[in-house]
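**Q** For reference, the structure I am asking about is given below.
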Amino acid sequence: MNEYTTTRHNELVDPSLHIWGWEIPVYLFIGGLVAGMMIITGYFIFKGRYKDKACVCRVLPLLGMIILSAGMFALFLDLEHKLYTWRLYLTFKVASPMSWGAWILIVVYPAMIASFLINVPEYFSKKFPWIDKISEKLQQHKYAVKNIGVINMLLGGLLGIYTGVLLSALGARPLWNSSMLWLLFLVSGLSAASAFVHMVAKRVDERELLAKADNGFLILEIFVIGLFIIGMLTSTKVHIQSALVLLSGIYAPAFWVFVLGLGIVIPLIIQLLAVNHKIKHTPIAPIMVIVGGLILRYVIVYAGQYTRWVDASLLP
Amino acid sequence: MMRFGMVIDTKKCVGCMDCVVACKTENDVPEKLNRDWIVQDVRGKNPDLHMEIRTERCNHCDNPPCVYCCPTGASHVHDLGGIVLVTHDLCIGCKACLASCPYDARFVHPEGYADKCTFCVHRVEKGLDPACVSVCPTHCMYFGDFDDPNSQVSKLLASRKNHSLIPEAGTKPQIFYLV
Chain A
568 MNEYTTTRHN
578 ELVDPSLHIW
588 GWEIPVYLFI
598 GGLVAGMMII
608 TGYFIFKGRY
618 KDKACVCRVL
628 PLLGMIILSA
638 GMFALFLDLE
648 HKLYTWRLYL
658 TFKVASPMSW
668 GAWILIVVYP
678 AMIASFLINV
688 PEYFSKKFPW
698 IDKISEKLQQ
708 HKYAVKNIGV
718 INMLLGGLLG
728 IYTGVLLSAL
738 GARPLWNSSM
748 LWLLFLVSGL
758 SAASAFVHMV
768 AKRVDERELL
778 AKADNGFLIL
788 EIFVIGLFII
798 GMLTSTKVHI
808 QSALVLLSGI
818 YAPAFWVFVL
828 GLGIVIPLII
838 QLLAVNHKIK
848 HTPIAPIMVI
858 VGGLILRYVI
868 VYAGQYTRWV
878 DASLLP
Chain B
17 MMRFGMVIDT
27 KKCVGCMDCV
37 VACKTENDVP
47 EKLNRDWIVQ
57 DVRGKNPDLH
67 MEIRTERCNH
77 CDNPPCVYCC
87 PTGASHVHDL
97 GGIVLVTHDL
107 CIGCKACLAS
117 CPYDARFVHP
127 EGYADKCTFC
137 VHRVEKGLDP
147 ACVSVCPTHC
157 MYFGDFDDPN
167 SQVSKLLASR
177 KNHSLIPEAG
187 TKPQIFYLV
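See below:
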């Protein structure tokens, strides 16, 4: 018999950690989504597709900035000492992923603004002709435009990676303590962004391309989740227990049904049929992918907080 | 250099919670929150049972993840004996340090900053013991410098069987329990 009793009952900490509510999963999802959008925009710019006025890369930077700002607002809502938020920007802590993230969030905006200026949406070019002039001048410098594309891809990658490292660096929560988490969140972000862009793109060839890309990302995501779980199951006792929280514990229904089933496998089947012209493209699969990506962050953040280091001899 | 830490004799601790009350009074810890607490750990199979009563708090780790993950430098290691502290007006309340602590020793103060045991640094600076140590009626708690081989805590560790909490988490905790 092992019996452990404690007099501690601190708010947000006991009986199991619950410091992060909806704000953090929403922010992590948005971070991944915008990261994916930046990578797609950067790729289209690099490939010279920006010359086409109907290219989706014309609207993505603006959408990205709006969505990311909403995510940062969610992050701000989570802070307990809000008036001191500016303290983040008086220092850079190399060992702190959160410090990296704070600065990454600052540098992605100029990159998105630069990609916005390459091909300004019609509404802005009509209302503010001076923006259009900047755009025309920018387009004359082909290498600068290509570099903006590359920078968007790199910073997008960094943003997506950081959202995973943020959690995996917190070694006290065994479920998060995996070096696969950055890859999982990056691939999931790319997949959600592909699904999102698939819905907003006007050009049929772009929609087709992104549906195919999304299928690739979804297949990769299944492998990454598999490796993430295998990594846990072949680690220490606390890590095995953490994996079981997802596989057969209280978060198993959400993980199997919403993350894997409705979030990955079923939309993958629908999109595979669509790209092979067996059925028509509908927004159903992309919406499932996006909601699945959001639920993935929820499950990982909540289940991770539920797991903790305990004396291994206390474990069953 | 000094390295402050604690040694707690579980053979003497009766779980009276005087240390808990002393801490709350000394540090004005808000209602429903605790910087230290009592644990009863019973193991074995009847009739061969072993019970350990111990007082727990922040372990002021030598490899403190809460300090590394802090984005503003609010969580830091004090020059005096490696005590891990939080500068209140640098803390943004992101709670990364709460998530990084394998002992769940931190909490959010109602004013918004992360809070935890300070080893009563304001007392230690004056050469006094932390409040919890000074009030313990069974004298089961010892505070001192592990870097000094002649300190009482070093001698106790050298002479008695002991353990720390979850050493496998790799944080090098600086509180040891005599068994």
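As you go down the protein sequences, you meet chains A and B in turn.
Note that the first sequence covers residues 568 to 883 in the numbering used here.
Note that the second sequence covers residues 17 to 195 in the numbering used here.
Just so you know, even glycine gets a beta-carbon here, dropped at the ideal spot from N, CA and C.
1) Please state whether DSSP places A174 (chain B) in a helix, a strand or coil.
2) Counting Cβ pairs closer than 8 Å, one from the segment 751-761 of chain A and one from the segment 796-812 of chain A, do we hit at least three?
3) Taking contact to mean at least 3 C-beta pairs separated by less than 8 Å, is the segment 24-32 of chain B in contact with the segment 146-157 of chain B?
4) Can you tell me the Cβ-Cβ gap for V674 (chain A) and K769 (chain A), rounded? I've got them flagged as a contact below 8 Å.
5) Is the segment 720-735 of chain A touching the segment 778-785 of chain A in the sense that three or more CB pairs, one from each, lie closer than 8 Å?
6) Considering just the uninterrupted stretch of the alpha helix (DSSP H) at F659 (chain A), what are its terminal residues?
7) Along the chain, where does the beta strand (DSSP E) that runs through R59 (chain B) open and close?
8) In terms of alpha-carbon separation, which member of B:I99, B:C117, B:N50 lies closest to R19 (chain B)?
9) Would you kindly work out how many angstroms separate the C-alpha atoms of L753 (chain A) and G143 (chain B), rounded to a whole number?
10) Distance, Cα to Cα, W653 (chain A) vs A174 (chain B)?
11) Would T187 (chain B) pass as a contact of C77 (chain B) if the rule is Cβ separation under 7 Å?
12) Taking 8 Å as the cut-off, does the segment 712-725 of chain A touch the segment 600-619 of chain A (at least 3 CB pairs, one atom from each stretch)?
13) Establish whether the CB of N196 (chain B) and some CB of chain A are separated by less than 7 Å.
14) Could you tell me which chain A residues have their CB closer than 9 Å to the CB of Y193 (chain B), listed as they occur along the chain?
15) How big is the Cα-Cα spacing for K61 (chain B) and M568 (chain A)?
16) Could you please give me the residues that DSSP links to I69 (chain B) through a beta bridge?
17) To the nearest angstrom, how far is the alpha carbon of T88 (chain B) from that of P81 (chain B)?
18) Is A147 (chain B) close to chain A, meaning its C-beta is less than 7 Å from at least one C-beta of that chain?
19) If the cut-off is 7 Å on Cβ atoms, which residues from the segment 728-758 of chain A count as contacting chain B, listed in chain order?
20) Please check if any C-beta of chain A sits within less than 7 Å of the C-beta of S180 (chain B).
21) Quick check on K111 (chain B): buried or exposed, where buried means 16 or more other Cβ atoms within 10 Å of its Cβ?
22) State whether the segment 162-174 of chain B contacts the segment 49-60 of chain B, with contact taken as three or more CB pairs (one from each stretch) at a distance under 8 Å.
23) Grouping DSSP H, G and I as helix and E and B as strand, with all else coil, what is I728 (chain A)?
24) Which whole-angstrom value describes the C-beta separation of T134 (chain B) and L101 (chain B), a residue pair presumed to lie in contact below a C-beta threshold of 8 Å?
25) Using the Cβ count rule (16 or more neighbours within 10 Å means buried), how would you classify A621 (chain A)?
26) Between the alpha carbons of L584 (chain A) and A115 (chain B), how many angstroms are there, rounded?
27) If you measure beta-carbon to beta-carbon, which residues of the segment 663-674 of chain A are closer than 9 Å to chain B?
28) Which residue marks the beginning of the alpha helix (DSSP H) containing D164 (chain B), and which one marks its end?
29) Counting only beta-carbon atoms, is Y571 (chain A) nearer than 7 Å to chain B?
30) In whole angstroms, what separates the C-alpha of I792 (chain A) from that of F691 (chain A)?
31) So that I know if they touch, is there some Cβ in chain B lying closer than 7 Å to that of R864 (chain A)?
32) Should K111 (chain B) be flagged as near chain A, meaning a C-beta pair shorter than 7 Å?
33) Would you call Y710 (chain A) buried or exposed, if buried means 16 or more other Cβ atoms sit within 10 Å of its Cβ?
34) Where does T874 (chain A) land, buried or exposed, given buried means 16+ other C-beta within 10 angstroms?
35) Can you tell me where the alpha helix (DSSP H) holding L839 (chain A) begins and where it ends?
36) Please go through the same chain and pick out, in chain order, the residues whose beta-carbon is closer than 6 Å to the beta-carbon of L627 (chain A), but skip the five residues on each side of it.
**A** In this structure, then:
1) Locating residue 174 (chain B) in the second sequence gives position 158, where the first residue counts as 1. Here A174 (chain B) sits in helix by DSSP.
2) Segment contact: the segment 751-761 of chain A against the segment 796-812 of chain A, fewer than three CB-CB distances shorter than 8 Å; contact not assigned.
3) The segment 24-32 of chain B, when compared against the segment 146-157 of chain B, does touch it at the 8 Å Cβ threshold.
4) Here residue 674 (chain A) is taken as the residue at index 107 of the first sequence, counted from 1. Here residue 769 (chain A) is taken as the residue at index 202 of the first sequence, counted from 1. 30 Å between Cβ atoms; not a contact.
5) No, the segment 778-785 of chain A does not touch the segment 720-735 of chain A.
6) As a working note, residue 659 (chain A) is residue 92 in the first sequence. Where F659 (chain A) is concerned, there is no enclosing alpha helix (DSSP H), because DSSP gives it neither an H nor an E.
7) Along the second sequence, one-based indexing puts residue 59 (chain B) at 43. Segment 53-61, the beta strand (DSSP E) holding R59 (chain B).
8) Within the second sequence, numbered from 1, the residue matching residue 19 (chain B) stands at position 3. When B:I99, B:C117, B:N50 are compared, the shortest CA-CA separation from R19 (chain B) is found for B:I99.
9) On the first sequence, position 186 is the one that residue 753 (chain A) refers to. On the second sequence, position 127 is the one that residue 143 (chain B) refers to. Between the C-alpha atoms of L753 (chain A) and G143 (chain B) there is a straight-line separation of about 52 Å.
10) For this step, residue 653 (chain A) is matched to residue 86 along the first sequence. For this step, residue 174 (chain B) is matched to residue 158 along the second sequence. Their backbone Cα atoms lie some 47 Å apart in a straight line.
11) Counting from one through the second sequence, the residue named residue 187 (chain B) turns up at place 171. Counting from one through the second sequence, the residue named residue 77 (chain B) turns up at place 61. The answer is yes: Cβ separation under 7 Å.
12) Taking 8 Å as the limit for Cβ pairs, the verdict is that the segment 712-725 of chain A does touch the segment 600-619 of chain A.
13) This structure gives no information on residue 196 (chain B), because the portion of chain B shown stretches from 17 to 195.
14) Residue mapping note: residue 193 (chain B) aligns to position 177 of the second sequence, counting from 1. Within chain A, no residue comes near Y193 (chain B); the closest Cβ sits about 12 Å away, beyond 9 Å.
15) For this step, residue 61 (chain B) is matched to residue 45 along the second sequence. For this step, residue 568 (chain A) is matched to residue 1 along the first sequence. Take the alpha-carbon of K61 (chain B) and the one of M568 (chain A): they are about 5 Å apart.
16) Here the question's residue 69 (chain B) lines up with position 53 in the second sequence. As a beta-bridge residue in DSSP terms, I69 (chain B) pairs with B:Q56.
17) Looking up residue 88 (chain B) in the second sequence gives position 72. Looking up residue 81 (chain B) in the second sequence gives position 65. Distance between the alpha carbons of T88 (chain B) and P81 (chain B): 14 Å.
18) If you number the second sequence from 1, residue 147 (chain B) lands on position 131. In terms of beta-carbon proximity, A147 (chain B) stays away from the interface with chain A, with every pair separated by 7 Å or more.
19) Cβ contacts with chain B: A736, L737, G738, A739, R740.
20) Here residue 180 (chain B) corresponds to residue number 164 of the second sequence, with the count starting at 1. Not one chain A Cβ lies under 7 Å of S180 (chain B).
21) By one-based count along the second sequence, residue 111 (chain B) stands at place 95. Counting the other CB atoms within 10 Å of its CB gives K111 (chain B) a total of 16 or more, which places it among the buried residues.
22) Touching, no, given that fewer than three Cβ pairs across the two stretches are closer than 8 Å.
23) On the first sequence, position 161 is the one that residue 728 (chain A) refers to. Of the three classes helix, strand and coil, the one that applies to I728 (chain A) here is helix, per DSSP.
24) Here residue 134 (chain B) is taken as the residue at index 118 of the second sequence, counted from 1. Here residue 101 (chain B) is taken as the residue at index 85 of the second sequence, counted from 1. Confirmed, Cβ separation roughly 6 Å.
25) To locate residue 621 (chain A), count along the first sequence from 1; it is residue 54. A621 (chain A) should be labelled exposed.
26) Locating residue 584 (chain A) in the first sequence gives position 17, counting from the first residue. Locating residue 115 (chain B) in the second sequence gives position 99, counting from the first residue. Taking the CA atoms as reference points, L584 (chain A) sits about 8 Å from A115 (chain B).
27) The segment 663-674 of chain A vs chain B, Cβ under 9 Å: S663, P664, M665, S666, W667, G668, A669.
28) Indexing the second sequence from 1 puts residue 164 (chain B) at position 148. Counted as a single uninterrupted DSSP element, the stretch harbouring D164 (chain B) is not any alpha helix (DSSP H), since DSSP gives it neither H nor E.
29) Indexing the first sequence from 1 puts residue 571 (chain A) at position 4. Any Cβ of chain B closer than 7 Å to the Cβ of Y571 (chain A) would place that residue at the interface, and such an atom is present.
30) By one-based count along the first sequence, residue 792 (chain A) stands at place 225. By one-based count along the first sequence, residue 691 (chain A) stands at place 124. A straight-line Cα-Cα distance of about 42 Å links I792 (chain A) and F691 (chain A).
31) Counting from 1 along the first sequence, the entry for residue 864 (chain A) is found at position 297. With 7 Å as the cut-off, R864 (chain A) does not count as an interface residue toward chain B.
32) As a working note, residue 111 (chain B) is residue 95 in the second sequence. It does; some Cβ of chain A falls within 7 Å.
33) Sequence index remark: in the first sequence, residue 710 (chain A) carries index 143 (1-based). Flag for Y710 (chain A) reads exposed.
34) In the first sequence, counting from the first residue as 1, residue 874 (chain A) sits at position 307. Its Cβ being crowded by 16 or more others within 10 Å, T874 (chain A) is buried.
35) Working through the first sequence from its first residue, we reach residue 839 (chain A) at position 272. Counted as a single uninterrupted DSSP element, the alpha helix (DSSP H) harbouring L839 (chain A) occupies residues 833-842.
36) As a first step, residue 627 (chain A) must be located in the first sequence, where it is residue number 60. Closer than 6 Å at the Cβ level, and outside the excluded window around L627 (chain A), lie M604, T608.
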